[in-house]
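Those sequence lines, one after another, are chains A and B. With full-length UniProt numbering applied, the first sequence closes on residue 225, and no number is skipped along the way. With full-length UniProt numbering applied, the second sequence closes on residue 225, and no number is skipped along the way. Virtual Cβ for every residue (Gly too), placed ideally from N, Cα, C. Just so we're clear, the structure is a prediction, and the values are computed from it rather than from any experiment. The structure under discussion appears below in the form of structure tokens.
There are 2 protein chains.
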Amino acid sequence: MATLAKLIGAKQPRFRTATEYVESTLKEAILTGALPGGTPLRQEDLAAEFGLSRMPIREALRQLEAQALVDFYPHRGAVVTEISAAEGADNYAIRAALEPAALRLSVPQLTPEDLKRAREIVDEMDAEDGQSRLGELNRRFHMTLYSRAGRPRLLTLVDQHLAAADRYLRFHLAAMGRNHLSQEEHRGMIDACSAHDADEACAILSQHIETAAQNLQAFFAPRQE
Amino acid sequence: MATLAKLIGAKQPRFRTATEYVESTLKEAILTGALPGGTPLRQEDLAAEFGLSRMPIREALRQLEAQALVDFYPHRGAVVTEISAAEGADNYAIRAALEPAALRLSVPQLTPEDLKRAREIVDEMDAEDGQSRLGELNRRFHMTLYSRAGRPRLLTLVDQHLAAADRYLRFHLAAMGRNHLSQEEHRGMIDACSAHDADEACAILSQHIETAAQNLQAFFAPRQE
DNA sequence: TATTTGTCGATTGGATCCAATTTGAGTATA
DNA sequence: TATACTCAAATTGGATCCAATCGACAAATA
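So this is what it looks like as structure tokens:
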């Protein structure tokens with residue numbers, strides 16, 4: 001099947017199966033807002049779009065369902081999950097619980113190279129103002145600090161919910177008045193990690209997430225949801 | 001019509017699709033240990049077992065993969081995830097982060113009826129010594145206390161990881177020396193919730209989970225993992 | 001007119017068929 | 001003997017086909 005080879009690319013097969021490719025592509029489209037909440041995802045259309053049959057689409061949609069990115073209605077199809085104040089609060093509550101836990105486990109194991117990379121990412125964010133790119137850098141920054149936690153499943157969950165938060169990024173950025181995420185807090189976390197001060201790093205992180213959650217609530221507050 | 005069905009007492013189909021049925025059945029089999037870690041899950045065999053084609057099996061396996069209950073190896077098949085000290089520690093780390101957060105949100109909203117039900121479940125656990133039933137009661141007890149958190153996605157995650165912890169229940173029970181989970185802690189949590197003392201309730205809960213985690217590590221310690 | 005019933009198009013759920021990949025046994029070769 | 005290679009069996013990944021279900025709209029009934 002030539003289509004698969006084309007999709008995968010010859011050198012480094014980023015995706016082992018078409019299903020993985022579809023899942024990854026759809027996920028990114030949802031997270032960046034290219035597919036907004038409420039968009040119906042018709043299997044037939046997606047299959048045509050991807051040049052595949054409906055089967056890999058179905059499996060990919062199932063995976064996205066497990067990540068709470070699409071809703072399934074039997075015999076009626078899948079729909080991109082709506083974003084709302086409630087969904088956002090849910091996401092932030094999960095992050096507020098998981099991320100400090102991951103950071104606390106990771107701090108004692110962080111290497112100077114990890115911290116150097118984190119610094120580079122933060123610097124890069126200073127110069128960046130594209131929302132989608134900012135979201136990715138932010139994600140990479142956070143995951144770098146958590147990366148030594150030694151709990152793969154925990155990190156997977158954190159990564160998923162960090163990614164899901166991208167859907168709310170524009171509210172956060174709008175509230176911050178400019179295209180900058182709280183860089184002082186990012187740098188403060190790096191400093192605390194360098195000093196092996198997990199308590200301080202977690203305190204900043206909790207505040208960091210709390211601010212984002214409040215910005216979201218403030219945005220939704222006027223229009224009752 | 002739904003009302004009529006309810007009046008008549010007609011059993012509404014618990015599963016809307018075959019995929020849901022397969023997923024639920026396999027999940028329970030894995031969690032209770034009927035399908036131990038490492039068991040290969042051949043689609044053909046399962047299809048014959050369920051009297052279905054391979055397709056609903058495949059979709060169900062995908063869902064289980066997203067819950068970290070099976071591992072997928074492209075073109076080689078799915079295998080029940082191995083339990084290990086590392087996997088268990090991962091699970092407990094996630095629970096230790098999520099459950100206090102859920103409890104804290106829930107405590108102010110808990111009703112006297114919720115607490116009454118929690119008490120009844122704990123009492124029922126006193127008389128029970130079947131492991132699988134104990135696991136289910138334990139799960140229901142915890143979820144009852146968290147149920148008013150008002151964060152559906154958070155509760156879903158908690159429920160999933162509480163369920164996954166059933167795979168480690170026998171280690172915990174063995175360490176406790178008898179078929180009783182820490183009932184004093186369970187009752188202490190109820191009392192703290194009754195007094196709307198979220199801090200105390202969370203403190204007991206954290207200790208509760210920590211104990212379980214340590215019991216697991218102690219079990220795996222002799223045999224280096 | 002309001003409510004129920006019937007029919008039909010759209011869409012997904014499930015079955016069957018074909019292709020691609022992995023693995024390991026067996027063989028040839030240095 | 002060790003290593004590389006070939007090839008076939010087992011198994012899954014993907015495509016195509018058919019059936020079941022849902023929703024909407026029209027027709028019938030009170």
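Quick check on Gln63(A): buried or exposed, where buried means 16 or more other Cβ atoms within 10 Å of its Cβ? Classification for Gln63(A): buried.
Ala78(B) - DSSP class collapsed to helix/strand/coil: Here DSSP, grouped into helix, strand and coil, assigns Ala78(B) to strand.
Taking the straight line between their C-alpha atoms, what separation do you get for Leu61(A) and Ala78(A)? The straight-line gap from Cα to Cα measures roughly 8 Å.
Is Pro36(A) helix, strand or coil when you go by DSSP? Three-state result, Pro36(A): coil.
Relative to the C-alpha of Pro36(A), which candidate in Gln214(A), Arg170(A), His196(A) and His208(A) has its C-alpha closest? Taking the Cα of Pro36(A) as reference, the smallest distance to any Cα among Gln214(A), Arg170(A), His196(A) and His208(A) is reached at Arg170(A).
For Glu82(B), go through chain A and note every residue whose CB falls closer than 9 Å to its CB, in chain order. From the beta-carbon of Glu82(B), no residue of chain A is found nearer than 9 Å; the closest lies around 13 Å away.
Specify the secondary structure class of Leu41(A) as computed by DSSP and reduced to three states. In the three-state reduction of the DSSP assignment, Leu41(A) falls in the strand class, which pools E and B.
Buried versus exposed call for Arg95(B) [16 or more other C-beta atoms within 10 Å across all chains shown]: Around the beta carbon of Arg95(B), 16 or more other beta carbons sit within 10 angstroms, so the residue counts as buried.
Going by DSSP, what residue range makes up the alpha helix (DSSP H) through Val107(A)? Boundaries for Val107(A): no alpha helix (DSSP H) harbours it, and the DSSP string shows neither H nor E there.
Sub-8 Å separation of Gln183(B) and Asp126(B) beta-carbons: At a Cβ-Cβ threshold of 8 Å, Gln183(B) and Asp126(B) count as neighbours.
If contact is defined by three or more beta carbon pairs under 8 Å, each pair taking one atom from either stretch, is the segment 155-165 of chain B in contact with the segment 135-145 of chain B? With the cut-off at 8 Å, the segment 135-145 of chain B and the segment 155-165 of chain B touch.
Rounded straight-line distance, which links the Cα of Val122(B) to that of His186(B): Roughly 7 Å separates the two Cα atoms.
Which partner residues does Tyr73(B) have in the DSSP bridge list? Gly77(B).
Using a threshold of 8 Å, state whether the C-beta atoms of Ala164(B) and Thr144(B) are closer than that. Their beta carbons are not under 8 Å apart, which means Ala164(B) does not touch Thr144(B) by this criterion.
What does Arg58(B) reach in chain A if we use C-beta pairs closer than 8 Å? Those are Glu59, listed as they occur along chain A.
7 Å Cβ shell around residue 286(A) - same chain, five flanking residues per side excluded: Given a span of 1 to 225 for chain A in the structure shown, any question on residue 286(A) remains unanswerable.
How is the alpha helix (DSSP H) around Ala68(B) delimited, first residue to last? Unbroken run through Ala68(B): none, as it is neither H nor E.
Starting from the C-beta of Tyr21(B), find all residues in its chain whose C-beta is less than 7 Å away, skip the five residues before and the five after it, and write them out in chain order. Spatial neighbours of Tyr21(B) in its own chain (CB-CB distance under 7 Å, excluding positions within 5 residues in sequence) are listed in chain order as Phe15.
Euclidean distance between Cα positions of Gly51(B) and Ala18(B): Going by the C-alpha atoms only, they are around 10 Å apart.
Give a yes or no on whether 8 Å exceeds the smallest Cβ distance from Gln63(A) to chain B. So, interface residue.
Short of 7 Å in beta carbon distance, which residues of its chain neighbour Ala212(B), apart from the five on each side in sequence? Order them along the chain. Excluding positions up to five away in sequence, the list reads Tyr92 and His172.
Nearest residue (CA-CA) to Val70(B), options Asp90(B), Pro40(B), Glu210(B) and Gly88(B): For the residues Asp90(B), Pro40(B), Glu210(B) and Gly88(B), the minimum Cα distance to Val70(B) belongs to Pro40(B).
Whole angstroms is fine: what's the gap from Ala149(B)'s alpha carbon to Ala48(A)'s? Spanning the two alpha carbons is a distance of roughly 42 Å.
Within chain B, the residues that Arg153(A) reaches when beta carbons sit closer than 8 Å: The contacting residues are Ala68, Glu87, Asp90, Asn91 and Ile94.
Kindly say whether Gln111(A), judged by its beta-carbon, lies nearer than 8 Å to any beta-carbon of chain B. Inspection of the sequence shows that residue 111(A) is occupied by Thr rather than by Gln. Not a single C-beta of chain B is nearer than 8 Å to the C-beta of Thr111(A).
Are there 16 or more other CB atoms within 10 angstroms of the CB of Pro74(B), so buried, or fewer, so exposed? Burial check for Pro74(B): the Cβ neighbour count within 10 Å stays below 16, so the residue is exposed.
Ala5(B) to Glu87(B), Cα distance in whole Å? Only weak support is given to the placement of Ala5(B): the predicted model assigns it a pLDDT of 46, under 50, and the value that follows is read from those uncertain coordinates. Roughly 44 Å between the two C-alpha positions.
Name, please, each residue of chain B whose Cβ falls closer than 8 Å to the Cβ of Thr17(A). At a C-beta separation below 8 Å, Thr17(A) has these neighbours in chain B: Pro74.
Beta-carbon proximity list for Ile30(A), same chain, < 7 Å, skipping 5 on both sides: Counting only residues of its own chain and dropping the five nearest sequence neighbours on each side, Ile30(A) has a CB closer than 7 Å to the CB of Leu69 and Val80.
Nearest residue (CA-CA) to Glu124(A), options Asp191(A), Leu181(A), Leu103(A) and Phe220(A): The shortest Cα separation from Glu124(A) among Asp191(A), Leu181(A), Leu103(A) and Phe220(A) belongs to Leu181(A).
Interface flag, residue 233(B) vs chain A, CB-CB below 8 Å: This structure gives no information on residue 233(B), because the portion of chain B shown stretches from 1 to 225.
Going along chain A, which residues have a C-beta under 9 Å from Leu105(B)? Within chain A, the residues near Leu105(B) are Ala93.
Under 8 Å Cβ-Cβ, which residues of chain A neighbour Leu157(B)? What Leu157(B) touches in chain A: Ile94 and Leu157.
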